[in-house]
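Colleague:
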Amino acid sequence: ARLVDAVAARGARILDAGCGPGRLGGYLAAVGHHVVGVDVDPVLIEAAEQDHPGARWLVGDLAELDLPARGIAEPFDVIVSAGNVMTFLAPSTRV
504 ARLVDAVAAR GARILDAGCG PGRLGGYLAA VGHHVVGVDV DPVLIEAAEQ DHPGARWLVG
564 DLAELDLPAR GIAEPFDVIV SAGNVMTFLA PSTRV
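So for the sequence shown, the numbering used here puts the first residue at 504; every next one is plus one.
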């Protein structure tokens, strides 16, 4: 999280892809970034909302999520995907 904070301009729009319980995105929001975290597991998103209220947390499949339909039209400055998120994506959906 500190590395992302160090390379991103203060107030950057950051997508935490596969955010889990929000530790990374929560830290980035706490230090002044605008964070949207997305995870497929509603239990993890609920934990993120409780533990890190400074970010926006969404339940959704990253391969199918329509962010503009969820009110998020602005592009992101940084996208982070920490942990093992990529192993759960079908090869045909990876970019």
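For glycine and all other residues, C-beta sits at the position ideal for the given N, C-alpha and C.
Owing to the predicted nature of the structure, the values given are computational and were not obtained by experimental measurement.
#1: Helix, strand or coil: how does DSSP classify residue 641 here?
#2: Would you list the residues sitting across from residue 542 in a DSSP beta bridge?
#3: Which residues bound the alpha helix (DSSP H) around residue 507?
#4: Closest by CA to residue 521, which one among 574, 553, 546, 556?
#5: Span of the alpha helix (DSSP H) holding residue 600?
Modeller: Short version:
#1: Here the chain has residues from 504 to 598 only, and residue 641 is not among them.
#2: Under DSSP, residue 542 shares a beta bridge with 562.
#3: Looking at the DSSP string, the run of the alpha helix (DSSP H) that includes residue 507 is 505-510.
#4: Looking from the CA of residue 521, the closest CA among 574, 553, 546, 556 belongs to 546.
#5: Nothing about residue 600 can be reported from this structure: the residues present for the chain run from 504 to 598 only.
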